[in-house]
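The sequence shown maps to residues 7 to 359 in this note's numbering.
Ideal Cβ placement from N, Cα and C applies to all residues, glycine included.
In this text, all values refer to a predicted model and were calculated from it rather than measured experimentally.
Data block below; observations after.
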Amino acid sequence: MINAVSSQEDAVIDYMYHYFSKQMEYVEVDTIGNVIGFLPSNKPNSKRIMIFAHMDEVGFIVRHIDENGFLFFERIGGANVNVLPGNQLQVLGDKGTVTGVVGTKAYHFLKPEEKGKFPAQDQLYIDIGAVSKEEAYQKGIRVGSTICFQASYLERENGRVTGKAMDNRVACTVLLELAEQLISAQASLEWDIYLVACVQEEFNIRGVLPAVRKIKPHVSIGLDVTPACDTPELTNYSDVGLDKGPALTFLNYHGKGTLAGVLPDSKLIQSLIKTCQANKINYQREVAVGVITENAFIVFEEAGIATANISIPTRYTHTPVETVSLRDVKQTIHLLYEFLTSLTEKSTFGKAR
Numbered sequence: 007m008i009n010a011v012s013s014q015e016d017a018v019i020d021y022m023y024h025y026f027s028k029q030m031e032y033v034e035v036d037t038i039g040n041v042i043g044f045l046p047s048n049k050p051n052s053k054r055i056m057i058f059a060h061m062d063e064v065g066f067i068v069r070h071i072d073e074n075g076f077l078f079f080e081r082i083g084g085a086n087v088n089v090l091p092g093n094q095l096q097v098l099g100d101k102g103t104v105t106g107v108v109g110t111k112a113y114h115f116l117k118p119e120e121k122g123k124f125p126a127q128d129q130l131y132i133d134i135g136a137v138s139k140e141e142a143y144q145k146g147i148r149v150g151s152t153i154c155f156q157a158s159y160l161e162r163e164n165g166r167v168t169g170k171a172m173d174n175r176v177a178c179t180v181l182l183e184l185a186e187q188l189i190s191a192q193a194s195l196e197w198d199i200y201l202v203a204c205v206q207e208e209f210n211i212r213g214v215l216p217a218v219r220k221i222k223p224h225v226s227i228g229l230d231v232t233p234a235c236d237t238p239e240l241t242n243y244s245d246v247g248l249d250k251g252p253a254l255t256f257l258n259y260h261g262k263g264t265l266a267g268v269l270p271d272s273k274l275i276q277s278l279i280k281t282c283q284a285n286k287i288n289y290q291r292e293v294a295v296g297v298i299t300e301n302a303f304i305v306f307e308e309a310g311i312a313t314a315n316i317s318i319p320t321r322y323t324h325t326p327v328e329t330v331s332l333r334d335v336k337q338t339i340h341l342l343y344e345f346l347t348s349l350t351e352k353s354t355f356g357k358a359r
């Protein structure tokens, strides 16, 4: 499985560029790594729609190497540090990948007040088998080396898969399959279609903006995962779960720092719902506080852009065991294909009069 912490997406960039080059009329990679695939309509001066999904994954970065060769680190994005103690991580050094383990205090020596508590992030460290700072250097590890969850992929029963970086490689897979299917429909397309695999969502949520400013889309649809709430700890938080189809976002809101979130264009979200109903595609309605996607910023680009989010329900987000349903993935592809091929010159979105 490919590693691609924010700003280190090169391997996924190469992968997406390779396949887009076989599927799309035109492909380019911009300065920061956004892969832009273009499929023109059959008419000149057509309206433009952009479908995008980020390539990067949450991870970590080495902040300090102590005299005994232990690595201390910071997060890149919102990785769940509670799952780290006792687990393996991959440190991406100058000489290749080094597997380390996150150390944890022996249970035998835990004080009563320490039991049942998670250590703070600044107390966590990675043991790469080095006995000194110099030996860590010899392994190619430096301050600034990036760190990923251990690569894993598990096919489950009932069409479910588990692994790291399902957020958001599963949506990148949707882009690739969508591109393949649209080739046969290109002659009937009435809108120009741009498929964009974008960078740095997990770190600053704005990596797609250079592509937006180049494309100047009239409509933007974001593809990402969203927490599935069909497990015991999230029961009653939301109705979103696996195997019930893609989730259409009616609100997401970060709730921390700079206020930002997504409220979809009403015409666009209703058109997506009608597409689901007309094609018997299962879908879910989502309101998610604590989640934010790039459309929170895209909506204010140019003279304003009509936006909507389609989310793929995912269990255990931002951990090494993210779990998705392939049924939901297939229905997401079906929804997008039917929606894009139904657009006509007369299709309008937004509130402009």
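Annotation for residue 253: the continuous beta strand (DSSP E) segment containing it runs 253 to 259. With fewer than 16 other CB atoms across the displayed protein chains lying within 10 angstroms of its CB, residue 238 is exposed. With fewer than 16 other CB atoms across the displayed protein chains lying within 10 angstroms of its CB, residue 101 is exposed. Contact between residue 65 and residue 178 is absent: CB atoms are separated by about 17 Å, not below the 8 Å threshold. Taking C-beta atoms as the reference points, residue 104 and residue 90 fail to come closer than 8 Å. With respect to the C-alpha of residue 331, the residue from 320, 236, 10 having the closest C-alpha is 320. For residue 66, the enclosing beta strand (DSSP E) stretches over residues 65 to 71.
A distance below 8 Å separates the beta carbons of residue 197 and residue 349. Within the region 116 to 198, the beta strand (DSSP E) runs of at least 3 residues that lie entirely inside it are, in chain order, 152 to 155, 159 to 161, 166 to 169.
When DSSP reads this structure, residue 313 sits in a beta bridge with 226. A contact is defined here as three or more CB-CB pairs under 8 Å, and the region 40 to 57 meets this definition with respect to the region 197 to 214. In this chain, the beta strand (DSSP E) harbouring residue 105 covers 102 to 108. In the structure shown, residue 337 adopts helical secondary structure according to DSSP, grouped into three states. Shown here, residue 282 sits in a helix according to DSSP, grouped into three states.
Residue 129 is classed as exposed because its beta carbon has fewer than 16 other beta carbons within 10 Å across all chains shown. Contact between residue 289 and residue 254 is confirmed by a C-beta separation of about 6 Å, below the 8 Å threshold. Here the alpha carbons of residue 145 and residue 29 stand approximately 40 Å from one another. The bridge partners DSSP lists for residue 233 are 320. Residue 287 sits buried, since 16 or more C-beta atoms from the chains shown fall within 10 Å of its C-beta.
For the 8 Å CB-CB criterion, residue 81 and residue 149 do not form a contact. With a cutoff of 8 Å on beta-carbon distance, residue 192 and residue 45 are scored as near each other.
Rounded to whole angstroms, the Cβ separation of residue 205 and residue 38 is 6 Å, and the two are in contact under 8 Å. Membership of residue 56 in the beta strand (DSSP E) is indicated by the continuous run 54 to 60. Between residue 184 and residue 307 the beta-carbon gap is near 23 Å, outside 8 Å, which marks them as no contact.
For residue 293, the enclosing beta strand (DSSP E) stretches over residues 290 to 295.
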